[in-house]
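In terms of my numbering, the sequence shown opens at residue 24 and continues consecutively.
The C-beta atom is built at its ideal place from N, Cα and C for all residues, glycine as well.
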Amino acid sequence: MPWRVPPNARQNGTLPDPYAVWMSEVMLQQTTVAAVREYHNKFMALWPSVHDMAAADDADVMAAWAGLGYYARARNLLKCARAVVADHGGVFPADYAVLLTLPGIGPYTAAAIASIAFDLPETVVDGNVERVMARLFDIHDPLPKSKPVLTARAKQLTPDTRPGDYAQAVMDLGATICTPRNPSCGACPWQQPCAANAAGTAAELPKKTPKKKTPTRHGIAYVVQRADGALLLETRPASGLLGGMLGWPGSEWGDAPEPAPPLDANWQTLNEQARHTFTHFHLRLTVMVAKVDARAQARRGSFVAAPDFDAGALPTAMRKVFDIAAPTLRNT
Ligand code: SF4
24 MPWRVPPNAR QNGTLPDPYA VWMSEVMLQQ TTVAAVREYH NKFMALWPSV HDMAAADDAD
84 VMAAWAGLGY YARARNLLKC ARAVVADHGG VFPADYAVLL TLPGIGPYTA AAIASIAFDL
144 PETVVDGNVE RVMARLFDIH DPLPKSKPVL TARAKQLTPD TRPGDYAQAV MDLGATICTP
204 RNPSCGACPW QQPCAANAAG TAAELPKKTP KKKTPTRHGI AYVVQRADGA LLLETRPASG
264 LLGGMLGWPG SEWGDAPEPA PPLDANWQTL NEQARHTFTH FHLRLTVMVA KVDARAQARR
324 GSFVAAPDFD AGALPTAMRK VFDIAAPTLR NT
């Protein structure tokens, strides 16, 4: 992982760049390492320091984030970089409690930065660590109720020497050896003390309280193309899902959305719906397309000329709408 400093390099005095560690931890909230790697490289190339990020154009950062999901993280990235520059002289604070006061940094991320970037003995508990602790101590209470017990166990094991290496090692153990299915106990350095290994219960841990069924919300997305090829887009309100991102004008999302076309036109309803899943609900967007003349005026949004339109800058849900509409549009 490009933001890591391996143990031997650390011993020789190479320290991780707290900015790179912070960036990785924000990106890793809700996203896999495999998906983050490419985005982390891109962001570090575009904005190599916290000063560069603080001075970045919001729209550029939002566009570069497109495809990674959970866009509140991109807005927090900007807010946090600006707070670090304005309130901390452009230096990330080497203190868990102070890190917690920064935008977008919760207890997990603060502990991860304190531990990985500054080698402070903070306890980092992600899903991997929870699984390892549940097995190591053979804890059968289900998640999320068991979180405090698992955290207390993880805390008890956190060493004062090389806590940063230790935190990363336990997370890696969970990601590569103590995996959700078929843990490789034979290759595990904790095989001897592991209570679940002795009891033969590793594969059934951690137990989880069954999740409630994910609800489905419905909406309508309106794709308007002018005769000169321009497409009608709008910036979504800053708060709420996909806040501040570019998207197609649309209805509210709910059980039975009211139509809210951005202009009067001869609308064509496409057969295929755009389907996307957010953390708490599935979204089904009905795609409606209209072709209008070059002088058409919209009640909301603004037309983007065809050469300036970049489907890659749209959030994934909106890109799925475009993929469905594209065959009916001209020159896209
Ligand atoms: S011995 Fe097996 S169950 Fe126990 S921590 Fe190691 S991999 Fe996980």
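N- and C-terminal bounds of the beta strand (DSSP E) containing residue i
i: Phe160; result: Per DSSP, Phe160 belongs to no beta strand (DSSP E) and is neither H nor E.
i: Ala244; result: Thr239 to Arg249
i: Arg353; result: No beta strand (DSSP E) contains Arg353, which DSSP labels as neither H nor E.
i: Val73; result: Here Val73 belongs to no beta strand (DSSP E); instead the alpha helix (DSSP H) covers Val73 to Ala77.
i: Val28; result: Element bounds for Val28: n/a, residue is neither H nor E.
i: Met311; result: His305 to Val315
i: Leu122; result: Here Leu122 belongs to no beta strand (DSSP E); instead the alpha helix (DSSP H) covers Tyr119 to Leu122.
i: Thr258; result: Leu254 to Thr258
i: Phe326; result: Ser325 to Val327
Any non-hydrogen atom of the ligand SF4 within 7 angstroms of residue i CB
i: Ser169; result: no
i: Asn205; result: no
i: Ala219; result: yes
i: Trp213; result: yes
i: Leu122; result: no
i: Ala328; result: no
i: Val114; result: no
i: Arg158; result: yes
i: Ala79; result: no
i: Ala225; result: yes
i: Ile200; result: yes
i: Val155; result: yes
i: Cys208; result: yes
Sub-8 angstroms separation of residue i and residue j beta-carbons
i: Leu166; j: Thr237; result: no
i: Met311; j: Gln291; result: yes
i: Met46; j: Leu91; result: no
i: Asn205; j: Gln214; result: no
i: His303; j: Thr239; result: no
i: Leu256; j: Gly197; result: no
i: Ala334; j: Phe345; result: yes
i: Val172; j: Ile162; result: yes
i: Thr174; j: Thr146; result: yes
i: Glu153; j: Pro216; result: no
i: His241; j: Trp276; result: yes
i: Pro282; j: Ile243; result: yes
Range of the contiguous alpha helix (DSSP H) that encloses residue i
i: Ala340; result: Thr339 to Ala348
i: Gln179; result: Lys170 to Leu180
i: Glu145; result: Premise fails: Glu145 is in no alpha helix (DSSP H) and is neither H nor E.
i: Val114; result: Premise fails: Val114 is in no alpha helix (DSSP H) and is neither H nor E.
i: Glu61; result: Val56 to Leu69
i: Asn294; result: That residue, Asn294, is in no alpha helix (DSSP H); its beta strand (DSSP E) goes Gln291 to Thr300.
i: Thr199; result: Pro186 to Thr199
i: Lys47; result: The question names Lys, but residue 47 in the sequence shown is Ser. That run of the alpha helix (DSSP H) goes Pro41 to Leu51.
i: Asn35; result: Careful: Asn35 lies outside any alpha helix (DSSP H) and carries neither H nor E.
i: Asp83; result: Asp81 to Trp88
i: Ala222; result: Ala218 to Ala222
* Count the CB pairs spanning the segment 129–142 and the segment 188–203 that are closer than 8 angstroms, and state whether there are at least three. => yes
* To do: Could you say if the segment 319–333 and the segment 218–235 meet the contact criterion of at least three C-beta pairs nearer than 8 angstroms?
  => no
* Evaluate the contact criterion for the segment 200–215 versus the segment 245–264: three or more CB pairs, one atom per stretch, below 8 angstroms. => no
* Asked: Are the segment 333–344 and the segment 268–281 in contact at 8 angstroms, needing three or more beta carbon pairs?
  -> yes
* Per the contact definition of three or more C-beta pairs closer than 8 angstroms, is the segment 59–74 in contact with the segment 33–48? -> yes
* Are the segment 109–120 and the segment 83–98 touching, with three or more C-beta to C-beta distances below 8 angstroms? -> no
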